[in-house]
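Visitor: In my numbering, the protein residues as written are 89 to 541. Cβ atoms here follow ideal geometry from the backbone N, Cα and C, with glycine treated the same way. On a predicted model such as this, the values are computed, not experimentally measured, just so you know. Here it is, the structure in full.
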Ligand SMILES: Nc1nc2c(ncn2[C@@H]2O[C@H](COP(=O)(O)OP(=O)(O)OP(=O)(O)O)[C@@H](O)[C@H]2O)c(=O)[nH]1
Ligand SMILES: [Mg+2]
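Pasting the structure below:
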């Protein structure tokens, strides 16, 4: 994908806004931009990194007045010559400026192509490029904080010191290979023990980081809370009340919801995914049966369950067989507006299930549910350290592979084989930062970024 031509794209999202930013990068960025504006000489004379006002003219038509900054290679984000244009924000103006640029011979940038050029020109390492993407897509303060740490390279010391220790061992092993005849048995045993200690420490430290990162990843994806119960209990009504908008269809007919409806929202900096489900009814309808099968799947995958019952109806006791007790569970007694519902409450309480009484119709009880959900999640993630050296799924994959490699190192083998295993671990650390990464991996990684990044 990497070509040495001049590319353009909007760096800001589509839509109306006060301003939008376009980026041009490539060997002819300044020449191309000069062809777009009336004030050619002013631009030629403009100092680097200084903003000036220009008129973009397409033939006789003025398209916009813009501010532009020029950057000379290598002192730019991509390391290439660049022009950054701030125009008025609006879909049409941005489209017309880009169209004009394409007519002049620039190319519309591919996904992540600016970042990929920055990486290939040595302006950012792969971990940093990924962390920019994570900063942009962070949905919680925690996710943002973690991404900024990686952007700043604060974890670098953690990996670098292990890498340096491995290299020391590798050099020592290689020396041993060369001078093996001079070996003293006691010294050799001490050295083997030293390698064993280092690998053990690495195993512990990397596993601990991986565990933290897996929990953080789960928090990033969102913690799943399933809303389950009989048809018509008011599950979809509760889902809508929790979200604050009418996401799910509500109807007095039993069996309205047949598929899972998943929506997330951020509560107290935790991303929570509420899953509305099909009612657990006895039915022979094929679609409803499939819906119930999916409900069971949602129950299995949820971190916590809200079991909704209609307080004005008889309590569906057979559901005790369907709703598991191995994860946090709340009994939500709905339709409180219809009067007395103490029977349902006491049945839940009799089974040591905490109860929340609500009326989705009257929008009453939302805060109580939110409070219960956050209390459980806070407790579950309370001892969580949010700082981990492993940023992305790609890095986690490399670390998992390295842990498997460590498990396979056999120190009884000849030193050249052990040295080879250690070299592979050193390569693992290099891969994290994008050294020696194959092109297809890089292309795939950057194609997950947005256009203009
Ligand atoms: N009186 C009263 N009616 C409610 C309340 N919550 C929901 N309902 C009504 O109960 C009926 C069923 O509501 P839904 O939210 O569709 O119930 P559900 O559990 O999602 O039903 P299924 O999707 O069929 O499983 C609708 O007619 C709602 O208006 C409530 O708090 N009070
Ligand atoms: Mg429903």
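Are the Cβ atoms of residue 214 and residue 525 separated by less than 8 Å?
Guide: Locating residue 214 in the chain shown gives position 126, counting from the first residue. Locating residue 525 in the chain shown gives position 437, counting from the first residue. Yes, they are a contact pair.
Visitor: Do three or more CB pairs link the stretch 360–374 to the stretch 325–340 at distances below 8 Å?
Guide: At 8 Å Cβ cutoff, the stretches touch.
Visitor: Which whole-angstrom value describes the C-beta separation of residue 507 and residue 262, a residue pair presumed to lie in contact below a C-beta threshold of 8 Å?
Guide: Within the chain shown, numbered from 1, the residue matching residue 507 stands at position 419. Within the chain shown, numbered from 1, the residue matching residue 262 stands at position 174. Confirmed, Cβ separation roughly 6 Å.
Visitor: State the start and end residues of the unbroken alpha helix (DSSP H) segment that holds residue 338.
Guide: Taking the chain shown and counting its residues from 1, the one referred to as residue 338 is at position 250. Run containing residue 338: none; DSSP gives neither H nor E here.
Visitor: Which value, in whole angstroms, describes the spacing of the CA atoms of residue 310 and residue 359?
Guide: In the chain shown, the residue the question calls residue 310 occupies position 222. In the chain shown, the residue the question calls residue 359 occupies position 271. Roughly 5 Å separates the two Cα atoms.
Visitor: What first and last residue would you give for the beta strand (DSSP E) that runs through residue 445?
Guide: The sequence position of residue 445 within the chain shown is 357, counting from 1. Run containing residue 445: 443–445, per the beta strand (DSSP E) assignment.
Visitor: Could you give the distance in angstroms between the alpha-carbon of residue 251 and the alpha-carbon of residue 97?
Guide: Taking the chain shown and counting its residues from 1, one reaches residue 251 at position 163. Taking the chain shown and counting its residues from 1, one reaches residue 97 at position 9. Between residue 251 and residue 97, the C-alpha separation is close to 39 Å.
Visitor: Considering residue 545, what are the terminal residues of the alpha helix (DSSP H) in which it resides?
Guide: This structure does not reach residue 545, given that the chain is present from 89 up to 541, and the question cannot be answered.
Visitor: Relative to ligand 4, is the shortest distance from any of its heavy atoms to the C-beta of residue 334 smaller than 7 Å?
Guide: Questions concerning ligand 4 fall outside what the structure shown contains, since the ligands it does hold are ligand 1 and ligand 2.
Visitor: Is residue 109 near residue 183, with beta carbons less than 8 Å apart?
Guide: Position 21 of the chain shown, counted from the start, is the residue given in the question as residue 109. Position 95 of the chain shown, counted from the start, is the residue given in the question as residue 183. The answer is no: Cβ separation not under 8 Å.
Visitor: What's the C-alpha gap between residue 164 and residue 170?
Guide: Within the chain shown, the letter at position 76 stands for residue 164. Within the chain shown, the letter at position 82 stands for residue 170. Cα to Cα, residue 164 sits roughly 7 Å from residue 170.
Visitor: Ligand 1 and residue 433: does the residue's C-beta get closer than 7 Å to at least one heavy atom of that ligand?
Guide: For the purposes of this step, residue 433 is identified with residue 345 of the chain shown, where counting begins at 1. Residue 433 Cβ: outside cutoff for every heavy atom of ligand 1.
Visitor: Just the Cα atoms here: how many angstroms apart are residue 398 and residue 320?
Guide: As a working note, residue 398 is residue 310 in the chain shown. As a working note, residue 320 is residue 232 in the chain shown. Distance between the alpha carbons of residue 398 and residue 320: 8 Å.
Visitor: Could you check where the alpha helix (DSSP H) with residue 124 kicks off and where it finishes?
Guide: Taking the first residue of the chain shown as 1, we reach residue 124 at position 36. Residues 117–124.
Visitor: Can you give me the start and stop residues for the alpha helix (DSSP H) that residue 438 sits inside?
Guide: Stepping through the chain shown from its first residue, residue 438 is reached at position 350. Its alpha helix (DSSP H) spans residues 430–438.
Visitor: Note the first and the last residue of the continuous alpha helix (DSSP H) segment covering residue 547.
Guide: A query on residue 547 cannot be resolved here, the shown segment of the chain reaching from 89 to 541 and no further.
Visitor: Rounded to whole angstroms, how far is the Cβ of residue 444 from the Cβ of residue 418, which I believe are closer than 8 Å?
Guide: If you number the chain shown from 1, residue 444 lands on position 356. If you number the chain shown from 1, residue 418 lands on position 330. Between residue 418 and residue 444 the Cβ distance is about 6 Å, and since that is below 8 Å, they are a contact.
Visitor: How should residue 144 be labelled, buried or exposed, when 16 other C-beta atoms within 10 angstroms of its C-beta is the threshold for buried?
Guide: Against the chain shown, residue 144 aligns to sequence position 56. So residue 144 ends up on the buried side.
Visitor: Counting pairs of Cβ atoms below 8 Å between the stretch 140–159 and the stretch 175–195, do you hit three or more?
Guide: These segments touch.
Visitor: Measuring CA to CA, which of 323, 334, 356 and 357 is closest to residue 344?
Guide: Here residue 344 refers to the residue found at position 256 when the chain shown is read from its first residue. Of 323, 334, 356 and 357, the residue nearest in Cα terms is 323.
Visitor: Within this structure, are the beta carbons of residue 433 and residue 421 separated by less than 8 Å?
Guide: Sequence index remark: in the chain shown, residue 433 carries index 345 (1-based). Sequence index remark: in the chain shown, residue 421 carries index 333 (1-based). Yes, these two residues count as a Cβ contact at 8 Å.
Visitor: Classify residue 470 as helix, strand or coil using the three-state DSSP reduction.
Guide: As a first step, residue 470 must be located in the chain shown, where it is residue number 382. Three-state DSSP puts residue 470 in coil, outside helix and strand.
Visitor: According to the Cβ coordinates, are residue 357 and residue 228 closer than 8 Å?
Guide: If you number the chain shown from 1, residue 357 lands on position 269. If you number the chain shown from 1, residue 228 lands on position 140. For residue 357 and residue 228, yes; Cβs fall inside 8 Å.
Visitor: Over the uninterrupted beta strand (DSSP E) stretch that includes residue 548, give me the two end residues.
Guide: Any property of residue 548 remains undetermined from this structure, which presents the chain solely from 89 to 541.
Visitor: So the candidates are 528, 478 and 536; which of them puts its Cα closest to the Cα of residue 516?
Guide: As a working mapping, residue 516 is identified with position 428 in the chain shown. Among 528, 478 and 536, the Cα nearest to that of residue 516 is on 478.
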